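Below: the structure, in structure tokens.
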Amino acid sequence: MNIPTSSPVMVTGSTGYVGGVLVKQLLEAGLTVHCPVRDPTNESKVEHLKSLSGGENLKFFEANLLDQGSYLESMKGCSVVFHVASPFIMNVPSEKAQELLLDPALKGTLNILESANDPSLESSVKRVVLTSSFLAIATDGTDCEEVRAKTGKMIDEETWNESASKDYEPYAYSKTLAERAAWDFVKEQEDCSFDLVVCNPGFVMGPGVKVHEASESYTFIEAFGTGKFAGGCPDFSMAFVDVRDVARGHIAAGFLPSETVANQRYILRGTNEKMLNVGKILAEVYPNYSFPTSSVPKWLFWCVAPYIGISRKYCSRSVGHTFEADNSKSLRALELGEYRPLKESLSDIFQQCLDNGYIPTREATVK
């Protein structure tokens, strides 16, 4: 894959989990990266990026998802825009969903697209890569099973999430609304200056540029490392993908020829696996920790779910159901070769959490 380095690229969400790894790989490819952030003078938010190899090729700008036109300055001269920024908060009450999820996702996406197509940029932006989510395709295991029952195959990029709402899994709803709005925007333009490519990653694992304690991915690993699932875990099936593969997929989506990838969506998914097996995989590498050895009965989890921020509807539609997706399109079209094995993703992020004190050390000898 040819990656031209003569023009800079822009990454929203650069200080976040996925965005940080994407920036790291872009710098390694020799690119200059524009990073719009809320406060570029806040060193605590950007120092982990500046310390990366090639960090001298980073340029920081002030911008906000909800401030119309605030990204124009950071887009100047950029050939590719990677829009990664969007709130990833799973347990949001419906009365807060509009403020915390829907507005930032929807209005932020349209702000980026309108800016990328602004005449003042003189059509410099040739492609926008949007980070959507697997959850814009399906909310839960029941969605996946219903598609398989109707079509005889796993869900793929032709599938759209039709079950999420402001009241049921609002994060999934926010990603669905934002992606649909992006496709509608491109279709409505008489002369759109850029191609749109959408990446739909599963549940992201693997080490970030730093530990992101507010990230759902790190919270998930911390729960295993501190024994919160020692007595058993829910029988959830999940579609995992390594953060390094997510970044690779974005870069391929950004630089492969238009005739190969443009105006398409791509599921980025490594392994479909149950939560119980996550514990078993981690136990192979970190035997001194208390990982789950059994699943909690569905009826019991249904009773306690609301007290840990999970709706009973989601429990009913997910526990004991298979959450899976077809990743063949991304492997083929994005030329990814293969996805990292889940064991590598889990052990690497777990070790990062140990090294940074996010998970207490137990004098375990790594196998």
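Residue numbers (my numbering): 33 to 399. Cβ atoms here follow ideal geometry from the backbone N, Cα and C, with glycine treated the same way. These figures come from a predicted structure and were not determined experimentally.
When the distance is taken between beta carbons, is R276 closer than 8 Å to V124?
Taking C-beta atoms as the reference points, V124 and R276 fail to come closer than 8 Å.
Opposite D274 in the DSSP bridges: which residues?
M237
Return the CA-CA distance between L138 and F333, expressed in angstroms with no decimal places.
The alpha-carbon atoms of L138 and F333 are separated by roughly 33 Å.
Can you pull the DSSP bridge partners for S269?
Bridge partners of S269: K306.
Do L378 and V310 count as a contact pair if the criterion is CB distance below 8 Å?
yes
Do the segment 299–313 and the segment 348–360 touch if we need at least three Cβ pairs shorter than 8 Å?
yes
In angstroms with no decimal places, state the Cα-to-Cα distance between V328 and T171.
22 Å
Sorted by chain position, which residues of the same chain lie with C-beta nearer than 7 Å to E395's C-beta, five sequence neighbours on each side aside?
If we look at E395 and ignore the five residues flanking it on each side, its Cβ neighbours are N320.
Three or more C-beta pairs below 8 Å linking the segment 101–112 and the segment 76–87
no
Run through the DSSP bridge pairs and tell me what Y298 is partnered with.
C231
Any idea if T44 is buried or exposed, counting beta-carbon neighbours within 10 angstroms, 16 or more meaning buried?
buried
Out of curiosity, what's the CA-to-CA distance linking N295 and G51?
22 Å
Which partner residues of V43 appear in the DSSP bridge assignment?
For V43, which the question treats as bridged, DSSP gives the partners F114.
I need the DSSP call for L90, collapsed to helix, strand or coil.
Correct three-state label for L90: strand.
I believe L98 touches G140 by the beta-carbon criterion, under 8 Å. Please report the beta-carbon distance rounded to the nearest angstrom.
7 Å
The segment 213–232 / the segment 141–155 touching (three or more Cβ pairs under 8 Å):
yes
When DSSP labels each residue in this structure, what does V50 get in the three-state scheme?
helix
Along the chain, where does the beta strand (DSSP E) containing C224 start, and where does it finish?
For C224, there is no enclosing beta strand (DSSP E), as DSSP marks it with neither H nor E.
R349, enclosing alpha helix (DSSP H) - first and last residue:
R344 to S350
Could you pull the start and end residues of the alpha helix (DSSP H) that L167 belongs to?
Looking at the DSSP string, L167 is not in any alpha helix (DSSP H), and its letter there is neither H nor E.
Which one or two residues does DSSP pair with C67 in a beta bridge?
F92
Element boundaries [beta strand (DSSP E), containing R159]
R159 to T163
Just the Cα atoms here: how many angstroms apart are T397 and R280?
Residue placement at T397 is flagged as unreliable, the pLDDT there being 47, under the threshold of 50; a coordinate-derived value is accordingly withheld.
Relative to the C-alpha of N149, which candidate in F166, S126, Q130 and L228 has its C-alpha closest?
When F166, S126, Q130 and L228 are compared, the shortest CA-CA separation from N149 is found for L228.
Element boundaries [alpha helix (DSSP H), containing S100]:
According to the sequence displayed, residue 100 carries Gln and not Ser. Counting along the chain, Q100 falls outside any alpha helix (DSSP H), and DSSP gives it neither H nor E.
Please report how far the alpha carbon of S106 lies from the alpha carbon of L162, in whole angstroms.
17 Å
List the residues that DSSP assigns as beta-bridge partners of S360.
Bridge partners of S360: none, in fact.
Grab me the residues of G389's own chain with a C-beta within less than 7 Å of its C-beta, minus the 5 sequence neighbours each way, in chain order.
Excluding positions up to five away in sequence, the list is empty.
How about S195 and D175: do their beta carbons lie closer than 8 Å?
yes
Is it the case that the Cβ atoms of C347 and H282 are separated by a distance below 8 Å?
no
Please classify M307: is it buried, with 16 or more other beta-carbons within 10 angstroms of its beta-carbon, or exposed?
Burial is judged here by how many other beta carbons sit within 10 angstroms of a residue's own beta carbon; M307 has at least 16 and is buried.
Exposure of Q221, with buried meaning 16 or more beta-carbon neighbours within 10 Å:
exposed
Classify I340: buried if its beta carbon has 16 or more other beta carbons within 10 angstroms, exposed otherwise.
For I340, the number of other beta carbons within 10 angstroms of its own is below 16, and it is reported as exposed.
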